[in-house]
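**Student:** Numbers 1004 to 1352, taken from this note's numbering, label the letters of the sequence shown in order. Next up is a structure, given as structure tokens.
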Amino acid sequence: MPMKMSNILLLLVAVVICATFSLRIFQGLDEMMGEQYWVIDTAQGDHGWYGMGLLPHVKKVAKEVVQAANTDADEKNNYIIYAQNGDFAGNSVYGICLGIPLIMYLIWLAFILGFPDRIDPYLLPRRIFTLTVIIMCSIIVNLFLMRIAADFARDPMSRIANVAGNHASLLFHNAGIWFAILFSALGTPNHSARETAAPDSRNWQTQANEKFNWMFVLLFAVTVLEVALVKNKLALPDAAVDYSVWIILVVIFMRMFGFSPRYWVKRGRGIGIMIAGTLVTLPIFYLLERATGTLGAGFASPILSKALGPENANIGLSLMVSIYLIFWMEFAAAIRMNGPSKSLSLGKQ
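Put into structure tokens, the structure is as follows:
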């Protein structure tokens, strides 16, 4: 049964609030720096690392002082830059950086906790425990990524946070999504002492050929799309990040709506939510950037145009579209509107 409209709105509001609050934490780190760099404080031990070697000792130094020291002839005076304003929250591409936590919190709340209408009091404690483990794993993994990036970032003008994955907020939320999917696949939120016997795989009737055929058709389609977007400067030039999200979109799409058009045509409601939601989201972020002047939409962006040149004002469009297609596709599943329509199901009977 589809979710009631009141619960749909409650879920959407809760996800948006959680994602905004989470990103606000990273924005606070950027604001703490202001017009200064965070640089590694090498005076406190070997490279200033502490906390199992994961976190650095840092200090704030004015940008002009760092730039002057790092461009003079004496390399002994060079600073190792850890981060600068914008490295954590990613305000210049705010629409993209908010989209990832939206997906993460949707998975956490709807698919793990069962919020708002399927919270089982019996299972809730173990589901909360699962979420706690997911959060801790995400934090630890990101600290390791930052530490590994620091080892490779020997150029003093390299920003370690950017080398680790462009924005710290994206790193944490990507890890949160990954661990949430992993724990859900393992069945840990619903683990019970009364386990059922595993199915005998020798009796499975697969449709592997058809699945693989359509998967490669979709992969070919998104490959052509990504090449076209890159050629027209509507995506990141190296295409690797953008393309990886499109590949994830293909996999999730086939899981949500079936693996061939004969299933897709029966699930027009869910596909409609995915497309309509994305088409509504894009102008919202466009207007938000125009209203704030600081929170970038990721496309048609004066912020990107000023930072990277007018020809790169739309390089975030590919990621914006793919990320929000995934969010609204997951949302359709969360509110249980991704299945076949009732009329088609009755007609088949």
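Backbone N, C-alpha and C fix where the C-beta goes; we use that ideal spot for every residue, glycine too.
What is the DSSP secondary structure of Leu1101, counted as helix, strand or coil?
**Tutor:** It is helical.
**Student:** Can you tell which of Val1230, Leu1285, Asn1341 and Gly1342 has the C-alpha that lies nearest to the C-alpha of Gly1098?
**Tutor:** The option with the nearest alpha carbon to Gly1098 is Leu1285.
**Student:** Since Gln1039 is in the alpha helix (DSSP H), which residue starts that stretch and which ends it?
**Tutor:** Run containing Gln1039: none in the alpha helix (DSSP H); it sits in the beta strand (DSSP E), Gln1039 to Ile1043.
**Student:** Please look up how many angstroms separate the CB atoms of Ser1263 and Trp1217, rounded, as I've assumed it's under 8 Å.
**Tutor:** The Cβ separation is near 5 Å, so the contact holds.
**Student:** Using only the alpha-carbon positions, how far apart do Met1004 and Ile1338 sit?
**Tutor:** Those two C-alpha atoms are separated by around 9 Å.
**Student:** Just list the residues that DSSP pairs Ile1084 with in beta bridges.
**Tutor:** For Ile1084, which the question treats as bridged, DSSP gives the partners Val1042.
**Student:** Beta carbon of Leu1322, beta carbon of Thr1281: below 8 Å?
**Tutor:** No, the Cβ-Cβ distance between Leu1322 and Thr1281 is not below 8 Å.
**Student:** Please go through the same chain and pick out, in chain order, the residues whose beta-carbon is closer than 6 Å to the beta-carbon of Gly1319, but skip the five residues on each side of it.
**Tutor:** So the qualifying residues of the chain are Val1096, Ile1099, Gly1301 and Phe1302.
**Student:** In chain order, what are the residue ranges of uninterrupted alpha helix (DSSP H) at least 4 long that sit wholly in the region 1223 to 1276?
**Tutor:** Runs found: 1243 to 1260 and 1264 to 1267.
**Student:** Should Gln1030 and Ala1086 be called a contact, given that it needs their Cβ atoms to be closer than 8 Å?
**Tutor:** Cβ distance not < 8 Å, so Gln1030 and Ala1086 don't count as in contact.
**Student:** Thinking C-alpha only, which one of Asn1341, Ala1076, Asn1094 and Gln1070 is nearest Ile1306?
**Tutor:** It is Asn1094 whose Cα lies nearest to the Cα of Ile1306.
**Student:** Buried or exposed for Arg1258, please, with buried defined as at least 16 other CB atoms from any protein chain shown within 10 angstroms of its CB.
**Tutor:** Burial call: exposed.
**Student:** Should Ala1022 and Leu1105 be called a contact, given that it needs their Cβ atoms to be closer than 8 Å?
**Tutor:** Yes, these two residues count as a Cβ contact at 8 Å.
**Student:** Checking the sheet assignment: what are the DSSP bridge partners for Lys1079?
**Tutor:** Per DSSP, none; premise fails for Lys1079.
**Student:** Ser1009 to Ala1183, Cα distance in whole Å?
**Tutor:** Approximately 26 Å between the Cα atoms of the pair.
**Student:** In terms of DSSP beta bridges, what is Ala1065 paired with?
**Tutor:** In the DSSP output, where bridge partners are listed per residue, Ala1065 has Gln1039.
**Student:** Mind checking whether Gly1179 and Met1277 have CB atoms under 8 Å apart?
**Tutor:** No, they are not a contact pair.
**Student:** Less than 8 Å between the beta carbons of Leu1112 and Val1244, yes or no?
**Tutor:** Not in contact: Leu1112 and Val1244 (Cβ atoms no closer than 8 Å).
**Student:** Can you name the start and end residues of the alpha helix (DSSP H) that Glu1314 belongs to?
**Tutor:** Premise fails: Glu1314 is in no alpha helix (DSSP H) and is neither H nor E.
**Student:** When DSSP labels each residue in this structure, what does Ser1304 get in the three-state scheme?
**Tutor:** Residue state, collapsed to three classes: coil.
**Student:** Since Ala1316 and Ser1308 are thought to touch, with beta carbons under 8 Å apart, how far apart are those beta carbons, to the nearest angstrom?
**Tutor:** Right, their Cβ atoms sit about 4 Å apart.
**Student:** Have a look at Ala1065 and Glu1038 and give me their C-alpha separation to the nearest angstrom.
**Tutor:** Each residue's alpha carbon lies about 7 Å from the other.
**Student:** Report the rounded CA-to-CA distance for Arg1130 versus Ile1115, giving the unit in angstroms.
**Tutor:** Roughly 6 Å separates the two Cα atoms.
**Student:** Specify the secondary structure class of Asp1120 as computed by DSSP and reduced to three states.
**Tutor:** Here Asp1120 sits in coil by DSSP.
**Student:** Go ahead and pull the three-state DSSP assignment for Val1018.
**Tutor:** Of the three classes helix, strand and coil, the one that applies to Val1018 here is helix, per DSSP.
**Student:** I need the straight-line Cα distance from Ala1071 to Met1036, nearest angstrom please.
**Tutor:** One C-alpha to the other measures close to 18 Å.
**Student:** Any contact between the region 1220 to 1227 and the region 1238 to 1256? By contact I mean 3 or more CB pairs, one from each, below 8 Å.
**Tutor:** Verdict: yes, contact present.
**Student:** Looking only at its own chain, which residues have a Cβ that is under 7 Å from the Cβ of Asn1177, when we skip the five neighbours before and after it?
**Tutor:** Answer for Asn1177: Ile1103, listed in chain order.
**Student:** Are the beta-carbon atoms belonging to Trp1267 and Gly1261 less than 8 Å from one another?
**Tutor:** Yes, the Cβ-Cβ distance between Trp1267 and Gly1261 is below 8 Å.
**Student:** Mind checking whether Leu1109 and Phe1334 have CB atoms under 8 Å apart?
**Tutor:** Yes, these two residues count as a Cβ contact at 8 Å.
**Student:** Go ahead and label Arg1270 buried or exposed: buried means 16 or more other beta carbons lie within 10 angstroms of its beta carbon, across all protein chains shown.
**Tutor:** Result: buried.
**Student:** With 16 other CB atoms within 10 Å as the buried threshold, where does Val1016 fall?
**Tutor:** Classification of Val1016: exposed, given that the 10 Å Cβ count is below 16.
**Student:** Are the C-beta of Leu1014 and some C-beta of chain D separated by less than 8 Å?
**Tutor:** No chain D appears in this structure, which consists of one protein chain only.
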